[in-house]
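Residues 777 to 867 (the working numbering) make up the sequence shown, in order. Backbone N, C-alpha and C fix where the C-beta goes; we use that ideal spot for every residue, glycine too. Report on the structure given below.
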Amino acid sequence: MLSGRRRPVLALARSSPQPGPTHTSQHPIGSGFGAESTATEVLEGLDLSGRLAAVTGGYSGIGLETIRALAVAGAHVLVPARRPEVATFAR
777 MLSGRRRPVL ALARSSPQPG PTHTSQHPIG SGFGAESTAT EVLEGLDLSG
827 RLAAVTGGYS GIGLETIRAL AVAGAHVLVP ARRPEVATFA R
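As structure tokens, this is what we get:
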């Protein structure tokens, strides 16, 4: 001990055991869209002029197709990117 002072004790919280996976009953919501629907089909007939859409992962794959469809529908699209060089190439 230094100068009669006690050293601080670091208390670590113990994490409680995580419960097993839960199962939620899923059923169609009757939207008319399904697993095969495209972003263009979902946005068909919508005017998104003046709207701002933020799409994470928008510079590849499904995200890229989504931002293209949003832009065609008139939205301003914001795509945050951790890899700007990849995002710039995707334009």
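Subject >> Backbone CA spacing between Gly-834 and Ala-857 [nearest angstrom] >> reply: For the purposes of this step, residue 834 is identified with residue 58 of the sequence shown, where counting begins at 1. For the purposes of this step, residue 857 is identified with residue 81 of the sequence shown, where counting begins at 1. Each residue's Cα considered, the two are about 8 angstroms apart.
Original post:
How would you call Leu-854, buried or exposed, if buried means at least 16 neighbouring beta carbons within 10 angstroms?
Top reply: Residue mapping note: residue 854 aligns to position 78 of the sequence shown, counting from 1. Result: exposed.
Original post:
For Gly-815, which residues of its own chain have a beta-carbon under 7 angstroms away from its beta-carbon, when the five flanking residues on both sides are left out?
Top reply: The count along the sequence shown starts at 1 and reaches residue 815 at position 39. For the sequence presented, residue 815 should be read as Ala rather than Gly. Counting only Cβ-Cβ distances below 7 angstroms, and skipping sequence neighbours, we find Glu-841, Thr-842, Ala-845.
Original post:
Thinking just about the alpha-carbon of each residue, which of Leu-828, Ala-829, Ala-847, Ser-836 is nearest to the one in Ala-863?
Top reply: The count along the sequence shown starts at 1 and reaches residue 863 at position 87. Checking every option, the nearest Cα to that of Ala-863 belongs to Ser-836.
**OP:** Using alpha carbons as the reference points, say which of Val-818, Ala-847, His-799, Gly-796 lies closest to Val-831.
**Re:** If you number the sequence shown from 1, residue 831 lands on position 55. Closest option to Val-831, Cα to Cα, is Ala-847.
**OP:** Output the residue ranges of the alpha helix (DSSP H) runs that lie fully inside the region 789–826 and measure 4 residues or longer, sorted by chain position.
**Re:** 815–819
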